[in-house]
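Below: one structure, written as structure tokens.
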Amino acid sequence: MTRPLPFAFPLPPEDIRRRRAAILASLLALDEGFCRIPVISLRTATLEEMLRLYDGRFFSGFLRASFGTLRVTLSSRLTSAAGKFVYARSASKRLENAEIRMSSDFLFRLSEGPFSLNGLSVATPQEAFLVVFEHELCHALETALYGSTGHSARFLTLACGLFGHTDVHHALPTRRAEAAEAGLTVGSRVCFSYEGQALAGILSYVGKTATVMVPSPRGPYRDRSGQRYAKYRVPLPLLQKAE
1376 MTRPLPFAFP
1386 LPPEDIRRRR
1396 AAILASLLAL
1406 DEGFCRIPVI
1416 SLRTATLEEM
1426 LRLYDGRFFS
1436 GFLRASFGTL
1446 RVTLSSRLTS
1456 AAGKFVYARS
1466 ASKRLENAEI
1476 RMSSDFLFRL
1486 SEGPFSLNGL
1496 SVATPQEAFL
1506 VVFEHELCHA
1516 LETALYGSTG
1526 HSARFLTLAC
1536 GLFGHTDVHH
1546 ALPTRRAEAA
1556 EAGLTVGSRV
1566 CFSYEGQALA
1576 GILSYVGKTA
1586 TVMVPSPRGP
1596 YRDRSGQRYA
1606 KYRVPLPLLQ
1616 KAE
């Protein structure tokens, strides 16, 4: 790094593992729902404590001092990303409305590991959750230090020196990957039952639910050839690949 940082950096690998393990133990003792595999619930107080512990143990309180308020929330709408850091700037260029959004969709679907993410291999959903959180913390840190963030060499230097991350990608199971294992991919012909009627159409989107475009003479959607469609949102377990 080209400037001294206001906290210990870089950290020895064993020190990183010890600090992460201590934080995980504190969170597991705090929240019974977070102890289960798969995780069944996660309290707001647990998220707040997670941020407080990381900021204290890894950043010496730098993030709280930089942002004033930095929120951590669970989002069920994050289905392709496991976490996301967002913020705004005031008219005076001050950072505000900073928030780390963590995907409950990923967390509550994970069972036994190992899981590969950010260059690390971890054994449990809880550890995977912390490593995702560490990645988003690095985005917050880089923004506080330099005014912007991305997945540059500078970001990876921070992530590696603080948390031992050597990559910026994860191999956690996405909804789209799970659907693909069942032969359901965007563009596939699928069938499903709706109000007692068997319908067939084209799979156009996969998330928490699937979007299926079903040919319909009076449908409000039309493709380039003039074919009209009605759109249905269907839970993935109710879909079958059409023969």
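Residue 1376 is where the sequence shown starts when you use the working numbering, and the numbers rise one by one after that. No residue lacks a Cβ here, since even glycine has one placed at the ideal position from N, Cα and C.
Starting from the N-terminal side, write out each stretch of the alpha helix (DSSP H) that is 4 residues or longer and does not extend beyond the region 1431 to 1459. 1437 to 1442
Residues near R1551 in its chain [Cβ-Cβ closer than 6 Å; skip 5 each side]: V1581
With contact counted as at least three CB pairs below 8 Å, one residue from each stretch, are the region 1516 to 1523 and the region 1435 to 1442 in contact? yes
With a threshold of 8 Å on Cβ separation, who are the neighbours of T1584 within its own chain once the five nearest residues in sequence on each side are excluded? Answer for T1584: R1608, V1609, P1610, L1611, listed in chain order.
Can you give the beta carbon distance from L1495 to L1399, rounded, assuming they're within the 8 Å contact cut? Contact between L1495 and L1399 is ruled out by a C-beta separation of about 14 Å, above the 8 Å threshold.
Whole-angstrom C-beta distance between V1565 and Q1615, which should lie under 8 Å: 6 Å
What span of residues does the beta strand (DSSP E) with V1565 cover, start to end? 1564 to 1569
Just list the alpha helix (DSSP H) runs in the region 1527 to 1587, keeping only unbroken ones of 4 residues or longer that don't cross its boundaries, in chain order. Under the rule that a run must span 4 or more residues, the alpha helix (DSSP H) segments found entirely inside the region 1527 to 1587 read 1528 to 1538, 1550 to 1556.
DSSP bridge partner residues for S1523 (one or two, in chain order): Answer by DSSP bridge pairing: none, since S1523 is not bridged.
Roughly how many angstroms lie between the CA atoms of A1554 and F1481, to the nearest whole one? 14 Å
Backbone secondary structure at R1603 - three-state DSSP: strand
Nearest neighbour of E1389, chosen from L1453, G1536, Y1569, F1490 [CA to CA]: The shortest C-alpha separation from E1389 is found at G1536.
Report the rounded CA-to-CA distance for M1588 versus R1394, giving the unit in angstroms. 50 Å
Span separating the alpha-carbon of V1507 from that of A1457: 7 Å
Y1462 - partner residues in DSSP beta bridges: Partner(s): none; Y1462 has no beta bridge.
Check each candidate in L1449, F1483, F1460, S1478 and name the one with the smallest Cα separation from N1472. F1460
Please identify the residue among T1421, Y1596, A1605 whose C-alpha is closest to the C-alpha of R1446. Nearest in C-alpha terms to R1446, of all of T1421, Y1596, A1605, is T1421.
Pull up the DSSP beta-bridge partners for S1486, would you. In the DSSP output, where bridge partners are listed per residue, S1486 has none listed.
Specify, as a first and last residue, the run of the beta strand (DSSP E) that I1475 falls within. 1470 to 1478
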